[in-house]
Amino acid sequence: MKEKKLICNIPSLDLPEGWSCIKAEGIGPFVTKAILKHPNGSHIGWASRDHRKHHNLLDSDTKSTWWAPKAIGWWVGVIFAIGAVCFTLGSSPVYPKIVGNNLDGMTFFIGSLFFTTAALAQYIETINARQTPKGLKLKEKIRLFTWEPRRIDWLAVVVQFIGTIFFNISTFYALNSLMTVQQINSQVWTPDAFGSICFLVASGLVWIEVGHSLFSWKIGSLSWQIAALNLIGSIAFGISAISAFILPLTGNPVNITLVNLGTFTGGLCFLIGALLLLPERTHPEKI
């Protein structure tokens, strides 16, 4: 899929009278970056992620990086971080030995609930990006639901939210230690695999959104670092899911080492990425 110039039609923006879009870029049907023309003739850069993170109806506390409970972006980072801590702990070599298998399983389930809560908050954040160019703060209504599949960020957060639901199901059934091999593969492994696929798709969409292409290298960008960490974490979760399939002949996972290592690596990547959301919110990047 090649990067290409697109018709200036940005689904998430409603340009006021006198404004125009003179250039847009992206992948496939998605617009991820554009140049807008102000009525006075000046040009203003627009980028999908930057716009929702730094021009949002639900961000009323923009000064503090590490304590901003009035900003939904802050909550997204904090709640995702808590969920990631649970998955990292649960898959560590020491934690299960200390707390036992039952509490270890409960840790994963609780972590999945935090993931779902954070994903829902991220959806609310995304649909409440202002529909006017940055700098304009016209009165807009808070939105609780939208249908905007032509927005790459909307599609990414919806797919991720669905993925967290699959993880809720998987980790809940995993609490039952009396299941047969067939039940484990159908009720635990299958939703885990679907959840991992959703996370990989969502992370891939965000990677494209941030880099504006399939391949990019912007190591100095916080947004790019977050996208890269989440993509690596999703790949690690995927490896863990594949390795967790229970072989009927032995009753054991394909590779228990990869199961734990993949989950631990993914959780750690998601944790760092979640924490980086906090400074990203207060440090807009030049478009």
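Counting in the numbering used here, the sequence shown runs from -7 upward without gaps.
Ideal Cβ positions, reconstructed from N, Cα and C, are used throughout, including at glycine.
All values reported here derive from a predicted model rather than from experimental measurement.
Sequence-distant Cβ neighbours of ARG44 in its own chain, meaning closer than 7 Å and more than five residues away, are GLU117, THR118, ALA121, ASP145.
DSSP places GLY37 in the strand class (E or B) of the three-state scheme.
Per the coordinates, the alpha-carbon of TRP181 lies some 57 Å from the alpha-carbon of GLY33.
HIS204 and LYS25 do touch by the CB rule: their CB atoms are close to 5 Å apart, below 8 Å.
With 16 or more other CB atoms across the displayed protein chains lying within 10 angstroms of its CB, LEU81 is buried.
For GLN114, the closest of LEU170, GLU277, SER169, ARG273 by C-alpha to C-alpha distance is ARG273. Contact between the stretch 95 to 110 and the stretch 234 to 250 is absent: fewer than 3 CB-CB pairs across the two stretches fall below 8 Å. Assignment of beta-bridge partners to LYS25 by DSSP yields GLU17, ALA39.
Per DSSP, GLN179 is not a residue of any alpha helix (DSSP H), being assigned neither H nor E. Here SER162 is buried, its C-beta having at least 16 other C-beta atoms within 10 Å.
Apart from sequence neighbours up to five positions away, the residues of its chain that approach VAL68 with a beta-carbon distance below 7 Å are ALA110, ALA113, GLN114, GLU117, LEU269, ordered along the chain. Contact between ASN160 and SER104 holds, with the beta-carbon distance rounding to 5 Å and staying under 8 Å.
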